[in-house]
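Participant: Please see the structure below; I have some questions.
Pasting the structure below:
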């Protein structure tokens with residue numbers, strides 16, 4: 002329960018900040034760092050630190066800090082993200098309670114579910130099965146590559162004026178329409194594999210399943226696909242390119 006209290010305080014703090022500055026996009030900046038905080042809290046509260054736990058914590062820290070920096074640099078000095086701005090208009094006088102529960106507390110619930118691999122592995126006191134542990138690390142590396150390189154390629158693409166309003170179709174974006182989302186989900190599958198290598202409960206699978214379902218069906222792919230449909234060349238790009246799992250382009 003102490004992890005739940007930590008998350009509750011964390012998201013209430015961001016709710017207060019977001020309300021004061023009238024910009025709920027602030028929670029996007031806090032998303033990655035929240036996982037880092039949870040991972041280190043779980044690691045340091047135990048009486049014994051196992052190698053698998055430490056590896057998982059380090060990997061989450063690398064991912065979380067990179068995501069924090071990426072979103073901070075992208076959002077700093079800009080207006081509220083269109084999603085939150087739309088809700089601000091739609092919710093009217095109910096903005097505060099709905100923002101509290103539907104933005105901040107809901108993300109807190111998702112963070113808890115996604116963190117279950119980290120939580121469950123902390124209950125174990127056994128050494129990892131090395132082949133499974135190595136597999137987990139390799140899967141995480143693949144995911145990190147797709148997310149970090151995908152974000153970097155997109156950043157370079159949209160930095161050129163001639164590309165504004167167009168769709169990125171090269172690099173990793175040639176093989177999947179959402180390499181960064183695929184990468185994020187894959188990293189959490191790697192964390193899950195690492196967790197079960199040390200005997201964590203099979204319920205740890207809730208962690209990667211939650212983030213994958215969120216990205217594919219709720220907050221990631223659907224929202225971007227909706228905006229991409231307005232851009233020239235989308236129909237051809239969508240016909241040739243896998244929506245999530247990387248694959249070679251069709252004809």
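Residue numbers (my numbering): 2 to 252. Beta carbons are placed, not taken as given, at the ideal position from N, Cα and C, and that holds for glycine. Predicted model only: the values in this text are computed from it and were never measured.
#1: With H, G and I counted as helix, E and B as strand and the rest as coil, what does DSSP make of residue 242?
#2: Give the single residue among 137, 225 and 39 whose Cα lies nearest to the Cα of residue 187.
#3: Spatial neighbours of residue 134 within its chain, please: C-beta separation below 7 Å, excluding the five flanking residues on both sides.
#4: Going by C-alpha to C-alpha distance, which of 162, 211 and 216 sits closest to residue 179?
#5: Suppose you measure from the CA of residue 43 to the CA of residue 123; what does that come to, to the nearest Å?
#6: So residue 94 is in the alpha helix (DSSP H); what residue range does that whole segment cover?
#7: Applying the 10 Å Cβ sphere with the 16-neighbour rule, what's the burial state of residue 218?
#8: Less than 8 Å between the CB atoms is what I'm expecting for residue 109 and residue 12, so what's the real figure, rounded?
#9: Taking 8 Å as the threshold (C-beta atoms), are residue 229 and residue 150 in contact?
#10: Flag this pair as touching only if the segment 83–103 and the segment 153–167 have three or more C-beta atom pairs under 8 Å; answer yes or no.
#11: I'd like the list of long-range same chain contacts for residue 40, defined as Cβ closer than 6 Å, with 5 residues on each side in sequence excluded.
Facilitator: Reading it off the structure:
#1: coil
#2: 137
#3: 53, 195 and 198
#4: 216
#5: 7 Å
#6: Here residue 94 belongs to no alpha helix (DSSP H), and DSSP marks it neither H nor E.
#7: exposed
#8: 4 Å
#9: no
#10: no
#11: 58, 61 and 119
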